[in-house]
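Residue numbers (UniProt numbering): 1 to 270.
Every residue, glycine too, gets a C-beta built ideally from N, C-alpha and C.
For clarity, every value in this text was computed on a predicted model and none was experimentally measured.
What follows is one structure encoded as structure tokens, with my remarks underneath.
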């Protein structure tokens with residue numbers, strides 16, 4: 001199995017756990033909790049900031065010294081928009097499930113920005129359609145660079161069955177602004193219906209001898225997490241199975257500037 005593919009555990013509790021140490025990088029962390037009613041997930045942000053994303057279900061949230069009440073409404077990631085909570089560094093947080101709950105914990109370094117805890121509701125979220133034809137996908141911006149945070153960028157995407165996404169292939173692995181920013185990235189994948197599968201390739205440019213320092217192609221199943229430390233990272237959803245993914249990105253500068261694969265850039269003009 002590819003070292004870039006993290007298979008979520010079956011059952012309940014913390015079922016996926018990605019740290020900068022386990023991923024072999026510097027910035028992005030990602031945990032996934034599946035909770036039954038009455039079960040609680042909690043943590044301390046320490047020197048990191050956190051975005052709690054209610055992927056599905058409802059729960060009572062607390063962060064810092066605030067009781068945020070009952071959050072969440074959708075029971076499928078393929079319907080509606082999520083509820084989320086931004087938690088700055090130096091804060092405690094907890095979420096107690098009211099229904100079956102799938103909670104994503106997205107984290108990255110804090111920079112002492114002094115930002116407050118805030119609830120990010122569905123009405124706060126912008127949506128956009130990207131691509132056309134069989135490259136059409138639907139994007140919900142949860143924590144884009146235009147909204148306050150120190151490091152985190154968080155977005156979710158729905159790709160209809162038979163469509164491609166994160167395509168034409170692009171990368172963001174060079175700290176070379178204004179042309180390209182260095183951002184590590186995780187993909188948390190869900191499929192509808194859940195017995196389906198999709199594909200994701202993570203690869204770098206070939207050298208003059210045709211060799212690539214990274215070239216992995218993975219069959220993605222429901223609940224899988226993919227690590228993107230560098231390189232291009234397109235996805236393909238198979239016919240009959242819609243693909244959802246939650247992206248977490250972070251790097252030394254909080255901006256998303258990507259570089260298209262030159263051999264495929266003609267697709268942007270077709």
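Alpha-carbon spacing of residue i relative to residue j, whole angstroms
i: residue 280; j: residue 153; result: The structure shown does not extend to residue 280, since the chain is modelled only from 1 through 270, so no value can be given for it.
i: residue 83; j: residue 155; result: 12 Å
i: residue 8; j: residue 223; result: 6 Å
i: residue 157; j: residue 181; result: 21 Å
i: residue 188; j: residue 247; result: 7 Å
i: residue 192; j: residue 221; result: 10 Å
i: residue 40; j: residue 14; result: 10 Å
i: residue 132; j: residue 162; result: 13 Å
i: residue 2; j: residue 219; result: 10 Å
i: residue 262; j: residue 65; result: 50 Å
i: residue 32; j: residue 165; result: 23 Å
8 Å Cβ cutoff met for residue i and residue j
i: residue 47; j: residue 109; result: yes
i: residue 186; j: residue 143; result: no
i: residue 59; j: residue 87; result: no
i: residue 37; j: residue 99; result: yes
i: residue 238; j: residue 200; result: no
i: residue 244; j: residue 190; result: yes
i: residue 91; j: residue 53; result: no
i: residue 124; j: residue 49; result: no
i: residue 105; j: residue 71; result: no
i: residue 29; j: residue 19; result: yes
Beta strand (DSSP E) segment containing residue i, residue limits
i: residue 109; result: 101-109
i: residue 41; result: 40-44
i: residue 16; result: 13-18
i: residue 249; result: 242-250
i: residue 79; result: It is not in any beta strand (DSSP E) - residue 79 carries neither H nor E in the DSSP assignment.
i: residue 56; result: 48-56
i: residue 174; result: 173-176
i: residue 67; result: 66-71
i: residue 96; result: 92-97
Residue burial classification, residue i (beta-carbon count within 10 angstroms, cutoff 16)
i: residue 128; result: exposed
i: residue 56; result: buried
i: residue 22; result: exposed
i: residue 266; result: exposed
i: residue 255; result: exposed
i: residue 177; result: exposed
Residue i Cβ short of 7 Å to the ligand MN heavy atom set
i: residue 74; result: Among the ligands in the structure shown, none appear at all, so the ligand MN cannot be discussed.
Report yes or no: do three or more beta-carbon pairs, one from the segment 207-220 and one from the segment 131-145, lie closer than 8 Å?
-> A contact between stretches requires three or more CB pairs, one per stretch, nearer than 8 Å, and the segment 207-220 fails this requirement with the segment 131-145.
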